[in-house]
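One structure is given below, encoded as structure tokens.
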Ligand code: 5GP
Ligand code: ZN
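In this note's numbering, the protein residues as written are 3 to 115.
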């Protein structure tokens with residue numbers, strides 16, 4: 003999709019800090035991290051909602067998300083984290099291209115929930 007910022011990142015029309023790439027998925031660091039290592043995993047083919055994805059894409063995204071979780075744990079030393087995936091504005095989705103957040107939860111953050 004021409005105006006989508008995540009499609010532009012995939013096409014290298016916008017910069018990103020790439021973590022991992024497969025035929026179907028792309029993983030990179032979040033530009034406004036909620037904690038050190040906050041990463042995003044997206045399908046290469048544009049879709050706004052999770053339920054629109056092909057089974058093939060879901061399977062690949064799942065495997066890439068696990069690999070990125072392990073890479074984030076190795077890089078940050080944090081073994082506790084959230085995986086979030088928002089669908090629709092009421093569900094706090096801002097970027098309308100499916101994405102999984104991997105957000106490390108360091109001990110210092112634990113009192114903030
Ligand atoms: P949402 O609220 O849609 O689930 O989250 C969108 C995420 O995308 C946010 O965490 C935001 O910081 C991140 N983001 C938005 N624009 C960019 C960008 O241009 N580059 C990167 N790396 N992350 C972005
Ligand atoms: Zn897109």
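Ideal Cβ placement from N, Cα and C applies to all residues, glycine included.
- Note that the C-beta distance between residue 34 and residue 89 is not below 8 Å.
- In the structure shown, the three-state DSSP call for residue 7 is helix.
- In the DSSP secondary-structure assignment, residue 42 is bridged to 30, 103.
- C-alpha of residue 14 to C-alpha of residue 30: approximately 12 Å in a straight line.
- In terms of side-chain proximity, the C-beta atom of residue 3 is found no nearer than 7 Å to any non-hydrogen atom of the ligand 5GP.
- DSSP, reduced to helix, strand and coil, places residue 36 outside both helices and strands of the structure shown, so it counts as coil.
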